[in-house]
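Read in order, the letters of the sequence shown are residues 1 to 545 in full-length UniProt numbering. A virtual CB, placed ideally from N, CA and C, is assigned to each residue, including glycine. Structure first, commentary second.
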Amino acid sequence: DGDERLLDVTITPVVENGEVRTLRGAGHDITDRKARREELEQYETIIEALTDAVYVLDENGRFTYINDEFVELTGYDRETILGSTPSLIKDDDAVEEAEHRLGQLLSHQGPETVTFEVTIQPRDGEPIACADHMGVLPYEGEEFEGSVGTLRDITDRKEREQKLKRQHEIIKHSSNFFLILNADGAVTYQSPVPNSLLEFEPQNLVDESASKYVHPEDIELLQSDLEHLLQHPDELVVSEYRLRTQDGQWRWFENRAQNKLDNPLIEGILVSARDITNRKTREQEIQDLNERLELAIDGANLGVWDWDMRTDDVELNDNWATMLGYEPDEIGSHIDEWEHRVHPDDREFAENTLNEHIAGETEYYDTEHRMRAADGRWKWIRDVGKIFECDEDGNPTRAVGIHIDINERKTSRALEEERDMFAEGPAVVFKWREAEGWPIEYVSDNVEKVFGYESDVFETGEIRSVELIHEEDRERVAREVESNSDPETDRFSHDPYRVVTADDDVRWVLDHTKNIRENGEITHRLGYLVDITEHKQRESELQRQ
1 DGDERLLDVT ITPVVENGEV RTLRGAGHDI TDRKARREEL EQYETIIEAL
51 TDAVYVLDEN GRFTYINDEF VELTGYDRET ILGSTPSLIK DDDAVEEAEH
101 RLGQLLSHQG PETVTFEVTI QPRDGEPIAC ADHMGVLPYE GEEFEGSVGT
151 LRDITDRKER EQKLKRQHEI IKHSSNFFLI LNADGAVTYQ SPVPNSLLEF
201 EPQNLVDESA SKYVHPEDIE LLQSDLEHLL QHPDELVVSE YRLRTQDGQW
251 RWFENRAQNK LDNPLIEGIL VSARDITNRK TREQEIQDLN ERLELAIDGA
301 NLGVWDWDMR TDDVELNDNW ATMLGYEPDE IGSHIDEWEH RVHPDDREFA
351 ENTLNEHIAG ETEYYDTEHR MRAADGRWKW IRDVGKIFEC DEDGNPTRAV
401 GIHIDINERK TSRALEEERD MFAEGPAVVF KWREAEGWPI EYVSDNVEKV
451 FGYESDVFET GEIRSVELIH EEDRERVARE VESNSDPETD RFSHDPYRVV
501 TADDDVRWVL DHTKNIRENG EITHRLGYLV DITEHKQRES ELQRQ
């Protein structure tokens, strides 16, 4: 039939008398055996090319064959593995699991193969997670001849599974939940919603249009966001919408959305939603409180300042400016706006008081000082503030306070004190601060009759009390002031002394002084001076006679 066969031929020569007389031969057809051998060699080549570790166990559970990948996976040499049992690379639990799986294969109507996870212990290094795919070697009758299988390293897969599991747990216990929308705004995926963290019963939104659950007043914003995301796929859009819950309530959500339509793992617009209802409620309460506070501030005509102590920038409300007669846009946003308007005689005291508060020596910064108004006049202001923020090192970074117009009160008090002084007779009334040079804060209008100066000259700080006293009498007057500054002395009178007028005329005065204290310390002195020049002149004339 033209078929070619392979023969295994044996030829034997027949020798007679030392000569080969004939040849005798026998031939065996080995075509099928040769084919089986070639097939086996092909299988071995395929097995060696596999990336999985291949093994064969005999009926006694000993390795009879392993490929190179098995050697590389376990770290043992081939001679050590062959003839040994799986306990070489498996612990007792893993061996027991493999035997259980083999029992399934050998059972009546059992599966042809089984796949299960097993951990092997290589010669060196950490245990390796593997997938064991096992089957039974073909056999006839009742004689089990062994098993064959592959081990595949699934460490990377296990790590990915663990990562996914961890991410799922994070999402599960997060205060956020996630949605995926298609280009039309329909929900294609909704992550589990953590009931324990959200105060509403979650509903299944899949296959629903997101706009169905959005507040009517927010739908236009939602549609605008979707259009923007489709046109700008690389941008992150953050918006706040009200969503209707299953119980019919409207709750606020912050939604962070990104276009992932081209991402094959997502294929949609990814939205992270977070319930911010409580925050919005607090914000509304704060807004209502701020509105009431603004009304109170405007009603009380309080000037408010907010000072960034790191940059010296300051925020001032409109009342701060109008209190001094300025338009709000005439005032800048630097601390200089306050500093250069404070009266020169009051600046050091105000700054010292502020520094004491910054140093933590006082609970509040609280001082009264004069500030120059838009018309050039000096106006009394009470300045109260407090440090509200500090950095991580405890250094103050922000202070907030108010200005209160006390000019009318201060003027009224000065008038009352002046009336009290004049009740004892005509006099020039002075009020000066207990500081170097005795800076004058108030003088009565009749000062011009005695000293020849207008009252504004004193209040601007151009002339101080000590400069009015004749230079030959200054030291004595200073000693008298010092000797009457003890806590028990409220009022005292000087011996007559001389003063110098604007025209350099010398006049004699009698000075009656009242000590003014705050917290036990003398801060000001109030005095009235009576011109006794004519009286002194008459005394001199009588002495000459």
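When the beta-carbon positions are compared, Trp432 and His524 come within less than 8 Å of each other.
A distance of 8 Å or more separates the beta carbons of Arg21 and Thr12.
In this structure Ile286 is exposed. Its beta-carbon is surrounded by fewer than 16 other beta-carbon atoms within 10 angstroms. Secondary structure at Ala478: helix, using DSSP grouped into helix, strand and coil.
A check of alpha carbon separations from Gly27 across Ile406, Asp77 and Arg5 identifies Arg5 as the nearest. Bounds of the alpha helix (DSSP H) holding Asp346 are Pro344 to Ile358.
In the DSSP annotation of this structure, Phe144 is not part of any beta strand (DSSP E), being labelled neither H nor E. Taking one beta carbon from each stretch, the stretch 311-318 and the stretch 327-341 have 3 or more pairs nearer than 8 Å; the two touch. Counting every other CB atom within 10 Å of its CB across the protein chains shown gives Leu57 a total of 16 or more, marking it as buried. One alpha carbon belongs to Asp504, the other to Arg498, and they sit about 12 Å apart.
The three-state reading of DSSP puts Glu471 in coil, since its state is none of H, G, I, E or B. In this structure, the straight-line span from the alpha carbon of Arg62 to that of Pro86 is close to 7 Å.
A Cβ-Cβ separation of about 7 Å places Leu151 in contact with Phe70 under the 8 Å criterion.
The beta carbon of Thr155 lies closer than 7 Å to those of Ile128 and Ala129 in the same chain, with the five residues before and after it left out. Within the model, the alpha-carbon separation for Val238 versus Lys410 is close to 54 Å. For the pair of segments examined, the stretch 433-442 was found to touch the stretch 334-352: the number of CB pairs separated by less than 8 Å reaches three. When beta bridges are read from the DSSP output, Asp124 appears opposite no residue. Relative to Val450, the option among Ile469, Gly461 and Thr460 whose CA is nearest is Ile469. When rounded, the separation of the alpha-carbon atoms in Lys260 and Val114 is 39 Å. DSSP places Ser209 in the strand class (E or B) of the three-state scheme. Per DSSP, the beta bridge partners of Arg372 are Trp378. In the structure shown, Asn515 falls within a strand segment according to DSSP collapsed to helix, strand and coil.
Three or more beta-carbon pairs separated by less than 8 Å are not found between the stretch 204-221 and the stretch 302-313, which leaves the two stretches without contact. Check the Cα spacing between Glu475 and each of His494, Pro487 and Phe458: the tightest is with His494.
Counting only the Cα atoms, Asp132 lies some 10 Å from Ile120.
The alpha-carbon separation between Asn395 and Gly385 amounts to approximately 17 Å. The beta-carbon separation of Asn446 and Val428, rounded to 6 Å, stays under the 8 Å limit for a contact. Here the alpha carbon of Asp124 sits roughly 7 Å from the alpha carbon of Gly75.
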